[in-house]
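Reviewing the structure listed below.
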Amino acid sequence: MTKKNKRNSIMGMAFFGPALVLLTLFLFIPMILTLIYRFTDYFALSPNTTHFVGFENFAKIFGDDLFVQSFLNTVKFVLIIVPVQCFGALGLALLINKITACKKYFKVAFFIPVVMSLAVVSTLWMQIYSPEGILNTILTNLGFDAQPFIHSADQALPSIAFMSAWQGMGYQMIIFLGGLQAINPALYEAAEMDHASAWKKFKDITLPELKPLCVFVFITVTIGAFRMIVQPMVMTGGGPSNSTYTIVYDIYETGTVNWEIGLSSAMAVVFVIFVIVLTMIQNVLTKDKEGKNENKK
Amino acid sequence: MKRVLSILATAAVCLTMLSGCSRKVSPGDIEGYDEGEQYISLWVHIIEETPEGQAYLKSVNSFNEHYNGKYFADVEFIPRNGSGGGYSDKVNASVLSGNLPDVLTVDGPNVAAYAANGIIQPLAELSDEEKSIYLDSIIEQGTFNDKLYALGAMESSVGLYYNKAILREAGIDVPEAGNPWTFSEFLDILEQLKPIMKEKNGYALDMTFPVGEATIYYYAPFIWANGGSLVSEDGLTTDGYFNSDKNVETMKYFRGLVDNGYMSSVPIQNLFESGRAAFKFDGAWEVNTIYTSYPGIELGVAPYIVGDDWDGGRYTPTGSWAYAVSSGAKDVEGATELVKWMSGVESGLELYNQTKSMPSTYAAYEQISAFTDDENYKALYEQLRDYGHPRPKTPAYPQLSSSFQQSLENIAISGMDATQQLNKSQERIRAKLERYTRK
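Chains as they are written, first to last, in the working numbering: chain A, 839 to 1135; chain B, 116 to 554.
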């Protein structure tokens, strides 16, 4: 090893070391502990009486109505937010790509909610959704009935999903915008010469060119949506009638409020396995399609 | 090899930076801690730079002055977030590592869980005279399995507030403290107020069942005042208690309030404060809020309502943070002295001056003019003194609290079957209690 290489290696370690230590302390060790605790009845207030309980925690989890409900709530949330956020982001990107005036302004305006903390956004939307808030005032002035929004078991989850999509879509918009700008203009010029309609151009040029980005956005939005906890924690506390109680919220409450670390570790493991399996399925499905497209070409 | 070494060295530096929490204190290490003094460590659940933190600091300093040469108390301020994490996480972690302080603050409803899991130990014997300075609710809150574990730093109360102008308009008289409205009488009053409040674009009652501690704190008294309870005396059985017929009846009473339109099914901000509700259940802080921010409201405190067959027993909301001696404390006598000092009259007065929180001793109330001169504060104090009832004492309290809220919300707001909901909730609490009943 030359002197320069040696120096580089030490420098590299100096930069990498702190991150490694922090990751080890706050990510790798807790992950390993979670894998161990899932088979125990570890109770935070009485760690010395911990026993190995085998798969008892898993039996408890799947027999628990609340866990099943929180799981279904999370899936419902994902099913609402993923299309809304992905198509919303794509729509915004197409709009910004088209307009010529105040382009920067709109780009910043749509991106600002992403920069804001979720807790702040949630508090803001609590006001917007409140029974006498701005949204209900607009509705009643337009002659519609006032809606309970986050205070109704039926509307709370969709309301939170809509707000979350609004908050997050600016980020995906920027990704799509980058993709749109990278499309070769010659493709559109050729289409124009063939008198292709706007829809045809979008369907046959824009969408296929953006496909790899769509897959990326789809998967990241899905995983992000599964992790949802802040919005219900701030806005509804999981209510009304547990309609906004999510898996991650359940894991958190079981571990920190009810002190059952063993049980919450098992929940976390179930959750992680589910997300991994889902991501693998998504990957396989989207890859197949890509393969087929390539064959067509 | 060198690469591995450099990784280890960097890791060691970073770990040193991150550690440094556990320490052994010797005389002279801290200003005021002298040779021959017994060192007592203390954790409180708040940051130093708050009025509450300053009150605790002042009390610790006066303790050290008073016991100079005998004891030295060293306070550590540990912040806690909105849902109570932070502080409790640190306590939990210290249970495992064995680094608990000698004295720590515990939220009233958690005394049972901490005691049942051996995190705190009973205080050294207090004489009857020493105990008699505290409100009955404080002694009751700190007692688990007939042993006194904790003494409150402060107390709390919830009032049934009313708008005097509206009640005057409706021709309704408010009863004396010993003769509260019964459930039936209160329904008649709400019915009488309904058209008046409709005209004001409001409701007779400003009431919600929010997620969190408030719901059990405000509304469990309806259970007790109707002859029910949420858990057995020993805190380990809920079947036949939480889901009793009496409680089904009380839950249906709540649903009646929503179904009959006496309260809004969705929370409306500042309903009472804007003069659009005749009644409101809220903490003692509401008096100060009305006095300072809504001087146009003529505020009164009515006695908490009771079931039709109320036997005159205790039932109104109480409870707050308390001091307890950890199981790791070697000198229980010394630690108990600190607990007594921190929960004593002077500390209560200091805390009131800084935060307006209600004291835990009779003598403190006598020295605060608000509780002798102001009719609303006086009513809240007298309600607490004569009718205060602690929240359920069970090691599965967090589950019981959230189950109570969920049941109430499901039954009253979502209109679900009361018996079924209470049975379901009871089952969840029972499952959490299994670890204690198995022993």
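Ideal Cβ positions, reconstructed from N, Cα and C, are used throughout, including at glycine.
Bear in mind the structure is a predicted one, so any value in this text is a computation, not a measurement.
Beta-bridge partners of Gly274(B), as assigned by DSSP: If you number the second sequence from 1, residue 274(B) lands on position 159. Asp397(B).
With distances taken Cα to Cα, identify the nearest neighbour of Arg545(B) among Glu481(B), Ile162(B), Gly371(B) and Leu351(B). By 1-based counting over the second sequence, the position of residue 545(B) is 430. The option with the nearest alpha carbon to Arg545(B) is Leu351(B).
Give me the subset of the stretch 983-1000 of chain A whose CB atoms are less than 8 Å from a CB atom of chain B, sorted by chain position. Pro986, His989, Ser990 and Ala991
I'd like to confirm the pairing. Which residues does DSSP put opposite Lys262(B) in its beta bridges? Residue numbering aside, residue 262(B) sits at position 147 when the second sequence is read from its first letter. Note: Lys262(B) sits in a beta bridge opposite Phe259(B).
Once DSSP output is grouped into helix, strand and coil, what is the label at Glu1098(A)? For the purposes of this step, residue 1098(A) is identified with residue 260 of the first sequence, where counting begins at 1. Looking at Glu1098(A) - three-state DSSP - the assignment turns out to be strand.
Restricting to runs no shorter than 4 residues, where is the alpha helix (DSSP H) found entirely within the stretch 472-551 of chain B? 477-482, 484-488, 490-502 and 512-523
Going along the chain, which residues of the stretch 1008-1038 of chain A sit with their C-beta nearer than 7 Å to a C-beta in chain C? The displayed structure is made up of protein chains A and B, and chain C is not among them.
Where DSSP assigns a beta bridge to Ser209(B), which residues make up the other side? Walking along the second sequence from the start, residue 209(B) turns up at place 94. Its beta-bridge partners do not exist; DSSP assigns none.
Near Gln1019(A), which residues of its chain fall below 8 Å by C-beta distance, leaving aside the five closest residues on each side in sequence? As a position in the first sequence, residue 1019(A) is number 181, starting the count at 1. So the qualifying residues of the chain are Asn935.
Please state the DSSP three-state secondary structure of Ser990(A). Stepping through the first sequence from its first residue, residue 990(A) is reached at position 152. Three-state result, Ser990(A): coil.
Judging by CA-CA distance, which residue of Phe1109(A), Gly1075(A) and Phe944(A) is the nearest neighbour of Ser960(A)? One-based indexing of the first sequence puts residue 960(A) at position 122. It is Gly1075(A).
Quick one: using the 10 Å Cβ neighbour count with 16 as the cut-off for buried, is Arg845(A) buried or exposed? For the purposes of this step, residue 845(A) is identified with residue 7 of the first sequence, where counting begins at 1. Label assigned to Arg845(A): exposed.
Using three-state DSSP, classify Ile420(B) as helix, strand or coil. For the purposes of this step, residue 420(B) is taken as residue 305 along the second sequence, with counting starting at 1. Coil.
What did DSSP end up calling Leu219(B) once you bin it into helix, strand or coil? Walking along the second sequence from the start, residue 219(B) turns up at place 104. Reduced to three states, the DSSP call for Leu219(B) is strand.
Below 8 Å, can you find three or more Cβ-Cβ pairs linking the stretch 452-468 of chain B to the stretch 426-442 of chain B? yes
Exposed or buried, what is Asp423(B) when buried is set at 16 or more other beta-carbons lying within 10 Å of its beta-carbon? Residue mapping note: residue 423(B) aligns to position 308 of the second sequence, counting from 1. When all chains shown are included, Asp423(B) counts as exposed.
Is the CB-CB distance between Gly274(B) and Leu495(B) below 8 Å? On the second sequence, residue 274(B) is found 159 positions in, with the first residue counted as 1. On the second sequence, residue 495(B) is found 380 positions in, with the first residue counted as 1. Yes. Within cutoff.
If you run the structure through DSSP and keep just helix, strand and coil, what is Thr961(A)? Counting from 1 along the first sequence, the entry for residue 961(A) is found at position 123. Three-state DSSP puts Thr961(A) in a helix.
Verify the CB distance criterion: does Val210(B) have a CB-CB separation below 8 Å to chain A? Locating residue 210(B) in the second sequence gives position 95, counting from the first residue. At least one chain A Cβ lies under 8 Å of Val210(B).
When the Cα of Asn375(B) is compared with those of Ala511(B), Tyr148(B) and Ala527(B), which residue comes out closest? Stepping through the second sequence from its first residue, residue 375(B) is reached at position 260. Per the Cα distances, Ala527(B).
Is it the case that the stretch 410-423 of chain B contacts the stretch 249-269 of chain B, given that we only count it when at least three CB pairs across the two stretches are under 8 Å? no
For a contact meaning CB atoms closer than 9 Å, what does Thr1074(A) contact in chain B? Within the first sequence, numbered from 1, the residue matching residue 1074(A) stands at position 236. The answer, in chain order, is Val326.
Identify the contact partners of Gly1077(A) in chain B, using a Cβ-Cβ distance below 7 Å as the criterion. For the purposes of this step, residue 1077(A) is taken as residue 239 along the first sequence, with counting starting at 1. When 7 Å is used as the limit between beta carbons, Gly1077(A) is near these residues of chain B: Val326 and Glu524, in chain order.
Please report how far the alpha carbon of Val1072(A) lies from the alpha carbon of Leu910(A), in whole angstroms. Stepping through the first sequence from its first residue, residue 1072(A) is reached at position 234. Stepping through the first sequence from its first residue, residue 910(A) is reached at position 72. Roughly 20 Å separates the two Cα atoms.
His817(A), buried or exposed, once every other Cβ within 10 Å from all chains shown has been counted against 16: Nothing can be reported for residue 817(A), as the shown portion of chain A is limited to 839 through 1135.
Please list the residues of the stretch 877-905 of chain A that have a C-beta atom closer than 9 Å to any C-beta atom in chain B, keeping them in chain order. Asp879, Phe881, Ala882, Leu883, Ser884, Pro885, Asn886, Thr887, Lys898, Asp902, Asp903 and Leu904
Using a 10 Å radius around the Cβ and a threshold of 16 neighbouring Cβ atoms, would you call Asp903(A) buried or exposed? Residue numbering aside, residue 903(A) sits at position 65 when the first sequence is read from its first letter. By the neighbour-count rule (16 or more Cβ atoms within 10 Å), Asp903(A) is not buried but exposed.
Check this for me: beta carbons of Ala399(B) and Ser272(B), under 8 Å apart or not? The residue given as residue 399(B) occupies position 284 in the second sequence. The residue given as residue 272(B) occupies position 157 in the second sequence. Cβ distance < 8 Å, so Ala399(B) and Ser272(B) count as in contact.
Within this structure, are the beta carbons of Val1095(A) and Met1066(A) separated by less than 8 Å? Here residue 1095(A) is taken as the residue at index 257 of the first sequence, counted from 1. Here residue 1066(A) is taken as the residue at index 228 of the first sequence, counted from 1. Judged by beta-carbon spacing, Met1066(A) lies beyond the 8 Å limit of Val1095(A), meaning their Cβ atoms are not closer than that value.
Paired residues, beta bridge with Glu191(B) - DSSP: Stepping through the second sequence from its first residue, residue 191(B) is reached at position 76. Bridge partners of Glu191(B): Trp158(B).
Comparing C-alpha positions only, which one of Leu930(A), Val958(A) and Leu956(A) sits nearest to Val946(A)? Counting from one through the first sequence, the residue named residue 946(A) turns up at place 108. Of the candidates Leu930(A), Val958(A) and Leu956(A), the one whose C-alpha sits nearest the C-alpha of Val946(A) is Leu930(A).
Beta-carbon spacing of Phe948(A), Met1011(A) below 8 Å: As a working note, residue 948(A) is residue 110 in the first sequence. As a working note, residue 1011(A) is residue 173 in the first sequence. Yes.
Within the continuous alpha helix (DSSP H) that includes Tyr334(B), where are the two ends? Along the second sequence, one-based indexing puts residue 334(B) at 219. Ala329 to Trp339 is the span of the alpha helix (DSSP H), which, as asked, contains Tyr334(B).
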